[in-house]
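Asks: Quick note, the sequences are listed as chains A and B, same order.
Count along the first sequence from 1, add 9, and you get the number used in my numbering.
Count along the second sequence from 1, add 1088, and you get the number used in my numbering.
Even glycine gets a Cβ: it sits at the ideal position worked out from N, Cα and C.
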Amino acid sequence: MQNITEDIEINLIERSILGEANAQKQLYHRYASAMLNVAYRITKNEEDAKDILQDSFIKVFLQLQNLKRKEGFAAWIKRIVVNTSISHVKKKGLLIIDSTKEYKDIPEVEISQKELSLNDVKLALMQLPNGYRTVLSLYLIEGYDHQEISQILDISKSTSLTQYSRGKKKLIHLLQKKNQYGTH
Amino acid sequence: MEPIEEYIKDHSNDFNYLELEENSWDNLHQKMQEKPKSFQRKFLWIIIGVLSLLFLFFYWKYPQPEQNYVAIGLEEEMYFPELNLMNPDGESISVSDLKGKVVLVEFWASYCMACTQEHCYYFKPLYKNFKEEGFEIYSVSTDSSAVNWVHAIERDEMDWIHVSDLMGENSPTVSEFDVKHLPTNYLLNQEGKIIAKNVDVEKLEDTLKQLLAYNSEK
């Protein structure tokens, strides 16, 4: 099954390289929605995410012929969207990761799966400061490891780790506050 | 791994906040087809830019050999600096006193044959014809001998303004006004701006007609 979908995709990629608009359209619809949300989780701005999606796909179709391993398309396109998003927020001065800044230590907290609802977690994630949200999304949702995140954000690996653990604590904190005061 | 981490990883496909707009592919498709056009346009602008730079470079490097009163070097369009020297009678006369007239400031010396030729063949008739219409000649001599200077003025019957500091060719005036050879001249318009350096005396008549006609029309 996996092989068949992969074959279909490679076929779409090859036809897209030849400039077949219908294949490009299909390829676009396979990824566009997911990529739009990748961009949104980093930018937290609908208009920016739409622009980034467009710019990224223009890059994708321009450089598709240079992609060596067609099987790596999914990872490749995601990396393009992530990089475009990061450089966009950096350009706007919205992503400043300052590891030297001392935060008050947030106490160690735990939360069990029973207490979690998807909607609450989604909302809480968006309430995090830009740096925490970006590192958390890249690690947990996009699936990059800290080595890769440090490259993407141009920070050290240890900064990525501390940002991650602080962000995680903050996220739990927000969720607990929500459970405490929330009415539903 | 903590429960929260596990939870998010398990639901990583569900963290969607936005939905794709229906016309998003059409927008992209349209933009992709515009792309090469704007690239071509950019390319065109680069070519135009390079060509105009080349043009400017050659224009600067190889100026027109014909030096009438247009297209002269750097001094063009600058106000002529203050120059105030004494005439043979000991009265000081300044170039700025002559504002409102078209002035030819000339550097010469009594021993300069080329200067004498210019004076006799060109300046005298021109001065006669145009002085009433607002043309003045301000001749600065680089002589060091007053006797030679005054003798040359009288010999050639030059009845325009003559001044000198009688300090010879080492005079600070000579270096200040960039006089590298004799004769050297500057043509100033009615506002005292330099129109040309070393005007071609053969074309000076046409130039004066233009300048003075422009003045009388005004």
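Could you name the residues of the same chain whose beta carbon sits closer than 7 Å to that of B/Cys1203, not counting the 5 residues immediately before and after it, in chain order?
Replies: Counting only Cβ-Cβ distances below 7 Å, and skipping sequence neighbours, we find Trp1196, Ala1197, Leu1270, Pro1271.
Asks: Once the 5 residues before and after A/Phe82 are set aside, which same chain residues still bring their CB inside 7 Å of it?
Replies: Closer than 7 Å at Cβ, skipping near neighbours: Glu18, Ile22, Leu76.
Asks: Measuring CB to CB, does B/Val1262 end up less than 7 Å from B/Thr1230?
Replies: Yes. Within cutoff.
Asks: Please return the same chain residues whose Cβ sits closer than 8 Å to the Cβ of A/Lys99, not counting the five positions on each side in sequence.
Replies: Cβ within range, chain order: n/a, list empty.
Asks: For B/Met1174, does the three-state DSSP call read helix, strand or coil?
Replies: Three-state DSSP puts B/Met1174 in a strand.
Asks: Taking A/Thr49 as the query, report the chain B residues whose CB atoms sit under 8 Å from its CB, ordered along the chain.
Replies: The sequence given here places Tyr at residue 49 of chain A; Thr does not occur at that position. The contacting residues are Tyr1105, Leu1106.
Asks: Which residues, in chain order, does the stretch 1113-1147 of chain B contribute to contact with chain A at a C-beta distance below 8 Å?
Replies: Listed by position along the chain: Trp1113, Asn1115, Leu1116, His1117, Lys1119, Met1120, Lys1123.
Asks: Is the beta carbon of A/Ala41 closer than 7 Å to that of B/Leu1108?
Replies: For B/Leu1108 and A/Ala41, yes; Cβs fall inside 7 Å.
Asks: Could you tell me the distance, in whole angstroms, from the CA atom of A/Lys79 to the CA atom of B/Ile1096?
Replies: Roughly 29 Å separates the two Cα atoms.
Asks: Determine the direct distance from the alpha carbon of A/Arg50 to that of A/Arg39, and round the result to whole angstroms.
Replies: Whole-angstrom Cα-Cα distance: 19 Å.
Asks: Just the chain A side, please: which residues come within less than 7 Å of B/Lys1097 by C-beta, in chain order?
Replies: Going along chain A in sequence order, the residues near B/Lys1097 (Cβ under 7 Å) are Leu149.
Asks: What three-state label does DSSP hand B/Tyr1210 in the structure shown?
Replies: Correct three-state label for B/Tyr1210: helix.
Asks: Are the CB atoms of B/Val1251 and B/Val1228 nearer to each other than 7 Å?
Replies: Yes, the pair counts as a contact, with Cβ atoms nearer than the cut-off.
Asks: Alpha carbons only, please: which of A/Lys87, A/Leu45, A/Val144, A/Asn12 is nearest the one belonging to A/Arg175?
Replies: It is A/Val144 whose Cα lies nearest to the Cα of A/Arg175.
Asks: Answer with yes or no whether the minimum CB distance from B/Pro1169 to chain A is below 7 Å.
Replies: By this cut-off, B/Pro1169 is not an interface position.
Asks: Using a 10 Å radius around the Cβ and a threshold of 16 neighbouring Cβ atoms, would you call B/Trp1237 buried or exposed?
Replies: Buried, by the Cβ-count rule.
Asks: Just reading off the alpha helix (DSSP H) that A/Ile181 is part of, what are its end residues?
Replies: First-last of the alpha helix (DSSP H) with A/Ile181: 166-190.
Asks: Do you know offhand how far A/Leu162's Cα is from A/Ile95's?
Replies: Roughly 7 Å separates the two Cα atoms.
Asks: Using a Cβ cut-off of 7 Å (strictly closer), state whether A/Asn139 contacts chain B.
Replies: Judged by the 7 Å Cβ criterion, A/Asn139 is not in contact with chain B.
Asks: Quick check on A/Tyr148: does DSSP put it in helix, strand or coil?
Replies: If DSSP states are grouped into helix, strand and coil, A/Tyr148 belongs with the helices.
Asks: Evaluate contact between the stretch 1205-1213 of chain B and the stretch 1166-1181 of chain B, counting only Cβ atoms and requiring at least three cross-stretch pairs below 8 Å.
Replies: Contact fails: fewer than three Cβ-Cβ distances are below 8 Å.
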